[in-house]
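According to the working numbering, the sequence shown is numbered sequentially starting from -19.
Glycine is no exception: its CB is placed at the ideal position from the N, C-alpha and C atoms.
Here the structure comes first, spelled out in structure tokens, and everything after it is commentary.
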Amino acid sequence: MRLSIVTVCFNAEKTIKKCIESVYSLNISIFEYIIIDGKSSDNTLKIIQSFQSKFVEKRVNFVIISEEDTGIYNAMNKAIDIANGDWVIFLNADDYFYCENSINCFLENDYQAYDVVYGDVAVRNLKTITYQKTRNLQLLKSGTEMPFCHQSTFTKLDALKKYRYNEKYSIIADIDLYLRIFEDGGRFYYLPECISVFSNDGLSQTHRIESIREGKQLLKSHNCYTFNRKLVLNGYIIWYKIKDIIPKCIKCFIKLKWKSLRGCLSYGKKEESI
């Protein structure tokens, strides 16, 4: 089973080295490592090129493309077009593998009966790292949240070529892709291992209102934009607009109540029990 690891980046000189080192340090053989750089203007490309001979020595097909693109999902689609592995995992420049054994549990087993294999993630917030388990796949229908982390997900290349990332979404094309696979009866497998460390200051986290608005469009295109979900997403938009001016004690109370209400509005009792 051949695995392609893909990193897309742009002006990532502060984080790209740790990301690449985590790939290089894996103690199991990978087939290829593809880096798609958006023609960075800082030292990102120099750092990437400094690793080329090291990967060649490990007999890893090390591919570097540096050219302008129209966004992160355009870069990911470029990688899909040139990947030669049976499976692909995307590890962005701000992220890195949890440990040198992170992908052993995947490569040492046969998952050919599945389209997507997903594991757990460690979420990094400033100086803290929190272990986060995957959640119910129905969360894909929320429009704004993933039940698993993209950087902890192995996806069959055939599925990626079939569905691709819809570039009309600049933030949540990953949710759209996996929702389409899910709706078409694709087979998902949960791997109870921590795969990656994910930075919580990525695009979807720092542009929450924009991602929620994209989520509305996504749900409409999938015929999932129910009245309840409309209330939830509009509630989120209001929250992100006013949360910085709300006193801390009131904010904690609202979060507690909203968490309970959100579950009822988003999915209802029937879906919660799946």
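So which of R115, K(-2), D156, V40 has the shortest CA-CA distance to Y13? V40
Under 9 Å, do C79 and T24 count as touching if we go by C-beta distance? no
Are A59 and V(-14) close, meaning C-beta to C-beta below 9 Å? yes
According to DSSP, simplified to helix, strand and coil, what is F31? F31: coil per DSSP, three-state reduction.
Compute the distance between the beta-carbons of Y205 and L199, then report whether it is under 9 Å. yes
Using 8 Å as the threshold, is the segment 145 to 164 in touch with the segment 120 to 129, meaning 3 or more CB pairs across them? yes
Using the rule of at least 16 other Cβ atoms within 10 Å of the residue's Cβ for burial, across every protein chain shown, is S(-1) buried or exposed? Inspection of the sequence shows that residue -1 is occupied by Cys rather than by Ser. Buried, by the Cβ-count rule.
4-residue-minimum alpha helix (DSSP H) runs that sit fully inside the segment 26 to 93, ordered along the chain: Counting only runs of 4+ residues, the alpha helix (DSSP H) found wholly inside the segment 26 to 93 occupies 32 to 37, 52 to 62, 84 to 87, in chain order.
Smallest Cα separation from Y149: which of D17, K34, G51, F86? G51
Contact the segment 90 to 100 vs the segment 161 to 174: 3+ CB pairs below 8 Å: yes
Burial state of S184 (16 or more Cβ within 10 Å): For S184, the predicted structure reports a pLDDT of 47, less than 50, and the residue's modelled location is therefore unreliable. The matter cannot be settled from this model.
Over the uninterrupted alpha helix (DSSP H) stretch that includes C(-1), give me the two end residues. -4 to 4
Just tell me which of S9, S30, N7 has its CA closest to the CA of E(-7). S30
For S201, the nearest candidate out of A153, I225, I16, T135 (CA to CA): When each option's Cα is compared against that of S201, the closest is A153.
Backbone secondary structure at T124 - three-state DSSP: coil
Below 8 Å on the Cβ atoms is my contact criterion, and I expect F134 with F86 to pass it. Report the Cβ-Cβ distance as a whole number of Å. 6 Å
Test item: CB-CB of E147 and N57 under 9 Å: yes
Since I believe D75 is in contact with F162 (beta carbons under 8 Å), could you give me their beta-carbon distance rounded to a whole number of angstroms? Not really, about 23 Å apart at Cβ, beyond 8 Å.
Pairwise C-alpha distance: Y143 and K19: 26 Å
Following the continuous alpha helix (DSSP H) through S201, name the residue where it begins and the one where it ends. Taken as a continuous stretch (DSSP letters only), the alpha helix (DSSP H) holding S201 covers 188 to 201.
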